[in-house]
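**Student:**
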Amino acid sequence: MQILLTNDDGWEAEGLKALRAALAGEGRRVVVAPEHEQSGVSHALTLNRPLRLKRRSAEVWSVDGTPADCVLLALRGLPASEGFRPDLIASGINHGANLGDDVLYSGTVAAAMEGSLLGIPSIAFSIASFRPTHLADASLVAKLIVDRLAEHPLPKGLLLNVNLPDLPRREMQGIRVAKLGSRQYEGPIEERQDPRGQPYYWVGGSSPVWRTEAGTDQALVHSGWVAVTPLHLDLTDYAQLEAVTGWLDGLPCVP
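Read in order, the letters of the sequence shown are residues 508 to 762 in our numbering.
Take a look at the structure:
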């Protein structure tokens, strides 16, 4: 098997190194990851400047762009002599959970989404701590999930979002499939002044307030479970197609 490893924390991140080490027996592992941290960039692509791909070691490359850029370059930008076409894309292990609505902002999840768009089975892995102490344990659980894909291939257009508690494996409750939770950041945006007296703003400084609901990824992870959420790329709300068609479809542009 050939595996592409990427993330949004950067090519030197400990979570990425731990995941790569855990997957050592799975086959060829190639890292193409951002040169610098790209947390919160979602599915952004770099379109207004050229990208630089740097070889850091035999199977490790960095890109001065976003996680989605990294996946694109890994599949279409590596020299043909590398002969690399991944059978699986593993994004992570991200430092910090990507639960609920955060999947919309996460560069880690976006890398897996880009892989899925390009027809490659993809998984995003995150651990519920910004300073994790049990990355080795989390990466071994990640390997268990990767191994199961050999028996249960992902359908086209489906990816997995996996959140792991920062616990020793023996203290984890197990693996559960979960729906996304929902949260809201209620803290104010902080306005400050630079040394020249000009205002600037700091976003994301407050902790989220979760809507507590049993069976969500957030509830499970905080109870010590590994939460696995299947995500798909078709955002069409099929349940509402008929309703919206009834009041909007065929409306003339000139009344």
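Glycine residues also receive a C-beta, built at the ideal position from the N, C-alpha and C atoms.
#1: What are the uninterrupted segments assigned as beta strand (DSSP E) that are 3 or more residues long and contained completely in the region 560-613, given in chain order?
#2: In its own chain, which residues sit with a C-beta less than 8 angstroms from the C-beta of A525, not counting the 5 before and 5 after it?
#3: Assign L742 to one of three DSSP states: helix, strand, or coil.
#4: Grouping DSSP H, G and I as helix and E and B as strand, with all else coil, what is R527?
#5: Quick check on DSSP: helix, strand or coil for R676?
#6: Quick check: the Cα distance between L740 and V539, rounded to an integer number of angstroms?
#7: Please confirm whether G688 and G607 have their CB atoms less than 8 angstroms apart.
#8: Tell me where the beta strand (DSSP E) around Q700 begins and ends.
#9: Compare the C-alpha of H602 against each of Q725, L580, S636, Y708 and name the closest.
#10: Which residues in the same chain as E533 place their Cβ atom closer than 7 angstroms to its Cβ, once the five residues preceding and following it in sequence are excluded?
#11: Rounded to a whole number of angstroms, what is the C-alpha to C-alpha distance between F632 and K663?
#12: Could you round the C-beta distance between D673 and P639 to whole angstroms and report it? I think they count as a contact, below 8 angstroms.
#13: Just checking my contact of S549 with G614 at CB under 8 angstroms: how many whole Å lie between their CB atoms?
#14: At the level of alpha carbons, what is the spacing between L512 and R527?
#15: Using the C-alpha atoms, what's the distance from Q705 back to P737?
#16: Please state whether the Cβ-Cβ distance between E566 and R536 is less than 8 angstroms.
#17: For D576, count neighbouring Cβ atoms within 10 angstroms of its own Cβ and tell me buried if that reaches 16, exposed if not.
#18: Roughly how many angstroms separate the alpha carbons of Q725 and N514, rounded to a whole number?
#19: Quick one: what does DSSP say A520 is sitting in, helix, strand or coil?
#20: Taking C-beta to C-beta, are V578 and G622 nearer than 8 angstroms?
#21: For K561 and E519, I'd like the C-alpha separation in whole angstroms.
#22: List the whole-angstrom C-beta distance separating D516 from S546, where the pair is believed to meet the contact cut-off of C-beta under 8 angstroms.
#23: The beta strand (DSSP E) with I510 in it runs from where to where?
#24: On a CA-only basis, which of G572, P557, A529 is nearest H543? Give me that one, please.
#25: List the whole-angstrom C-beta distance separating A597 from I630, where the pair is believed to meet the contact cut-off of C-beta under 8 angstroms.
**Tutor:** Taking the definition as stated:
#1: 560-564, 567-570, 595-602
#2: I600, L642, A643, A645, S646
#3: coil
#4: helix
#5: helix
#6: 23 angstroms
#7: yes
#8: 697-700
#9: S636
#10: M508, I510, V653
#11: 19 angstroms
#12: 5 angstroms
#13: 7 angstroms
#14: 7 angstroms
#15: 45 angstroms
#16: yes
#17: buried
#18: 21 angstroms
#19: coil
#20: yes
#21: 13 angstroms
#22: 7 angstroms
#23: 509-513
#24: G572
#25: 6 angstroms
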